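Enquirer: Residue numbers (the working numbering): 113 to 469. The structure that follows is given in the form of structure tokens.
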Amino acid sequence: MSASVSSTALSSNLRHDWSLAEVKALFEQPFNDLLFQAQTVHRGHFNANRVQVSTLLSIKTGACPEDCKYCPQSGHYNTGLEKEKLLEVQKVLEEAARAKAIGSTRFCMGAAWKHPSAKDMPYVLEMVKGVKAMDLETCMTLGKLDQEQTAALAGAGLDYYNHNLDTSPEFYTSIITTRTYGERLQTLGYVRDAGMKICSGGILGMGESLDDRAGLLIQLANLPEHPESVPINMLVKVKGTPLENADDVDPFDFIRMLAVARILMPQSHVRLSAGREAMNEQMQALAFLAGANSIFYGDKLLTTANPQADKDMQLFARLGIKPEAREEYADEVHQAAIEQALIEQRGSQQFYNAASA
Ligand code: SF4
Numbered sequence: 113m114s115a116s117v118s119s120t121a122l123s124s125n126l127r128h129d130w131s132l133a134e135v136k137a138l139f140e141q142p143f144n145d146l147l148f149q150a151q152t153v154h155r156g157h158f159n160a161n162r163v164q165v166s167t168l169l170s171i172k173t174g175a176c177p178e179d180c181k182y183c184p185q186s187g188h189y190n191t192g193l194e195k196e197k198l199l200e201v202q203k204v205l206e207e208a209a210r211a212k213a214i215g216s217t218r219f220c221m222g223a224a225w226k227h228p229s230a231k232d233m234p235y236v237l238e239m240v241k242g243v244k245a246m247d248l249e250t251c252m253t254l255g256k257l258d259q260e261q262t263a264a265l266a267g268a269g270l271d272y273y274n275h276n277l278d279t280s281p282e283f284y285t286s287i288i289t290t291r292t293y294g295e296r297l298q299t300l301g302y303v304r305d306a307g308m309k310i311c312s313g314g315i316l317g318m319g320e321s322l323d324d325r326a327g328l329l330i331q332l333a334n335l336p337e338h339p340e341s342v343p344i345n346m347l348v349k350v351k352g353t354p355l356e357n358a359d360d361v362d363p364f365d366f367i368r369m370l371a372v373a374r375i376l377m378p379q380s381h382v383r384l385s386a387g388r389e390a391m392n393e394q395m396q397a398l399a400f401l402a403g404a405n406s407i408f409y410g411d412k413l414l415t416t417a418n419p420q421a422d423k424d425m426q427l428f429a430r431l432g433i434k435p436e437a438r439e440e441y442a443d444e445v446h447q448a449a450i451e452q453a454l455i456e457q458r459g460s461q462q463f464y465n466a467a468s469a
């Protein structure tokens with residue numbers, strides 16, 4: 113580990129002025145040095161044996177007018193996905209209650225829209241209010257927002273808004289042509305101005321270079337405030353999308369991405385997100401060692417498979433990891449509730465590719 117890199121990264125001061133050369137130097141360290149550095153930063157800011165657990169529900173599926181090349185929900189590609197209109201509020205609340213029962217502390221609702229329409233907003237706001245009333249953290253991903261919409265969502269109690277940057281500004285136009293990078297940054301700015309927390313990350317495996325991976329993390333880390341949540345997705349190659357035959361990402365390169373995200377954004381939750389189904393337990397354990405401390409669980413991540421919740425709990429138990437609890441739960445009570453709920457829950461088909469909107 114080079115002296116300049118280590119002294120910078122081990123500082124608890126948050127930085128917003130990372131350069132490409134610095135970030136590439138982090139990536140290019142020997143693997144063990146990088147992991148040691150990331151784990152050290154992680155322990156300076158988090159309990160290393162706690163992982164935050166979120167559940168993601170698709171509240172409106174498919175027929176999206178955007179052309180994101182990785183996404184089975186885009187209306188531009190024929191992936192055989194069954195489309196669904198906006199779910200009823202009551203149905204969403206039932207799923208939120210189920211997510212809470214199996215230990216999720218945050219309920220994320222995703223809609224495949226370019227942006228929410230005036231007609232849909234009242235329903236969306238009801239969903240936020242209802243989920244909030246269950247004492248869950250609320251998160252939504254609905255596409256581009258204007259200032260009126262961010263104010264309304266914040267007023268309804270929305271805690272987090274997810275809007276991924278996906279990749280570097282340079283590579284972005286190879287992946288999406290229907291929405292600009294600038295529009296994405298503008299939505300993130302509106303979300304911040306309205307007082308909400310930001311969930312924003314990207315995807316590996318779309319044919320991007322190391323510079324692009326570093327470029328994405330620089331965009332995120334050099335925002336005026338770091339996103340509180342940083343989902344790092346491994347491309348799920350879905351037949352019918354333009355990226356169905358993309359090359360695999362070297363698993364160690366994926367772990368490096370998590371580690372560098374951890375070092376650049378020491379106080380953020382780094383989420384091991386879409387693509388976890390294709391990772392074995394050893395890789396997931398390495399991901400936690402690299403500083404990932406958030407996962408989605410439930411049977412599906414938007415429209416692609418996700419490890420079943422009980423398998424996740426078994427892995428947590430083997431690694432001595434506990435789900436990060438909300439303040440008000442005693443750990444044992446929370447743990448017991450999760451275990452009981454896991455015995456009871458099977459087969460919800462509603463959980464659904466976090467690489468969304
Ligand atoms: S990633 Fe989001 S915005 Fe892009 S096509 Fe899929 S649902 Fe639409």
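Built from N, CA and C at the ideal position, the CB exists for glycine as well. In this text, all values refer to a predicted model and were calculated from it rather than measured experimentally.
For T167, count neighbouring C-beta atoms within 10 Å of its own C-beta (all shown protein chains included) and say buried if the count is 16 or more, exposed if not.
Expert: Buried, because 16 or more other Cβ atoms sit within 10 Å of the Cβ of T167.
Enquirer: Going by DSSP in three states, D278 sits in which element: helix, strand or coil?
Expert: Reduced to three states, the DSSP call for D278 is strand.
Enquirer: Between which two residues does the alpha helix (DSSP H) harbouring F148 extend?
Expert: Looking at the DSSP string, the run of the alpha helix (DSSP H) that includes F148 is 143-157.
Enquirer: By DSSP, does L257 sit in helix, in strand, or in coil?
Expert: Coil, per DSSP.
Enquirer: Should L237 be labelled buried (16 or more other beta-carbon atoms within 10 Å of its own) or exposed?
Expert: Classification for L237: buried.
Enquirer: Can you give me the C-alpha to C-alpha distance between A470 and E393, rounded to a whole angstrom?
Expert: There is simply no residue 470 to check, as the chain begins at 113 and stops at 469 in what is shown.
Enquirer: Near L355, which residues of its chain fall below 7 Å by C-beta distance, leaving aside the five closest residues on each side in sequence?
Expert: Result list for L355: K181, Y182, M318, L347, K349, in chain order.
Enquirer: Run through the DSSP bridge pairs and tell me what Q164 is partnered with.
Expert: BP columns for Q164 point to S406.
Enquirer: Would DSSP call P234 helix, strand or coil?
Expert: Here P234 sits in helix by DSSP.
Enquirer: Looking at L257 and T299, is the spacing between their C-beta atoms short of 7 Å?
Expert: Cβ distance < 7 Å, so T299 and L257 count as in contact.
Enquirer: With a 10 Å radius around its C-beta and 16 neighbouring C-beta atoms as the bar for buried, classify E439 as buried or exposed.
Expert: Since pLDDT at E439 reaches only 43, below the 50 mark, its modelled position is unreliable, and the value read off the structure follows with that caveat. Exposed is the call here.
Enquirer: Between which residues of its own chain and K212 is the CB-CB distance below 7 Å, once the five residues before and five after are set aside?
Expert: The answer, listed in chain order, is M246, L248.
Enquirer: Please list the terminal residues of the continuous beta strand (DSSP E) segment that includes M221.
Expert: Run containing M221: 218-223, per the beta strand (DSSP E) assignment.
Enquirer: If you reduce the DSSP assignment to three classes, tell me which class G313 lands in.
Expert: Note: G313 maps to coil in three-state DSSP.
Enquirer: What is the residue span of the beta strand (DSSP E) that R383 lies within?
Expert: Unbroken beta strand (DSSP E) run through R383: 381-384.
Enquirer: Does the distance between the C-beta of C180 and the nearest non-hydrogen atom of the ligand SF4 fall short of 6 Å?
Expert: Yes, Cβ of C180 sits closer than 6 Å to a heavy atom of the ligand SF4.
Enquirer: Got a sec: does the ligand SF4 put a non-hydrogen atom nearer than 6 Å to the Cβ of Q298?
Expert: No; taking the cut-off as 6 Å, the Cβ of Q298 has no heavy atom of the ligand SF4 nearer than that.
Enquirer: Measuring from the CB of C220, is there a heavy atom of the ligand SF4 at a distance below 6 Å?
Expert: False, no ligand heavy atom lies under 6 Å from that Cβ.
Enquirer: Using a 10 Å radius around the Cβ and a threshold of 16 neighbouring Cβ atoms, would you call P336 buried or exposed?
Expert: Label assigned to P336: exposed.
Enquirer: Please name the residue, chosen from V303, V243, K434, I315, that lies closest to I288 on a Cα-to-Cα basis.
Expert: For the residues V303, V243, K434, I315, the minimum Cα distance to I288 belongs to I315.
Enquirer: State the start and end residues of the unbroken alpha helix (DSSP H) segment that holds P343.
Expert: It is not in any alpha helix (DSSP H) - P343 instead sits in the beta strand (DSSP E) that spans 341-346.
Enquirer: Please report the distance separating the alpha-carbon of A471 from that of G307.
Expert: Examination of residue 471 is not possible in this model, given that the chain is present from 113 through 469 alone.
Enquirer: If P281 and C311 are in contact, beta carbons under 8 Å, what's the gap, nearest whole angstrom?
Expert: Actually they are not in contact, since the Cβ atoms of P281 and C311 sit about 19 Å apart, beyond 8 Å.
Enquirer: What is the rounded straight-line gap between the Cα of G187 and the Cα of D145?
Expert: Answer to the nearest angstrom: the Cα atoms are 44 Å apart.
Enquirer: Which residue wins for smallest C-alpha separation from F143, given the options E295, L398, H154, N274?
Expert: Selected option, being the one with the closest Cα: L398.
Enquirer: With a CB to CB cut of under 8 Å and the five nearest residues on each side skipped, what residues in its chain are close to V204?
Expert: Around V204: L169, I171, M221, M239, G242, V243.
Enquirer: Mind checking G352: buried by the 16 CB within 10 Å criterion, or exposed?
Expert: By the 10 Å Cβ count, G352 comes out exposed.
Enquirer: Please report how far the alpha carbon of I344 lies from the alpha carbon of E320, in whole angstroms.
Expert: Cα to Cα, the separation comes out at about 14 Å.
Enquirer: Out of D278, P177, S341, S385, state which residue places its alpha-carbon closest to the alpha-carbon of T250.
Expert: Ranking the options by Cα distance to T250, first place goes to S341.
Enquirer: Below 8 Å on the Cβ atoms is my guess for D422 versus I407; work out the distance and round it to an integer in Å.
Expert: At roughly 14 Å, the Cβ-Cβ gap does not stay under 8 Å, so D422 and I407 are not in contact.
Enquirer: Return helix, strand or coil for L138, following the three-state DSSP convention.
Expert: Note: L138 maps to helix in three-state DSSP.
Enquirer: Which of the three DSSP states, helix, strand or coil, is assigned to T262?
Expert: Three-state DSSP puts T262 in a helix.
Enquirer: Using a threshold of 7 Å, state whether the C-beta atoms of V372 and L138 are closer than that.
Expert: Closer than 7 Å, so yes.
Enquirer: When burial is assigned at 16 or more other CB atoms within 10 Å of the CB, is T279 buried or exposed?
Expert: T279 comes out buried.
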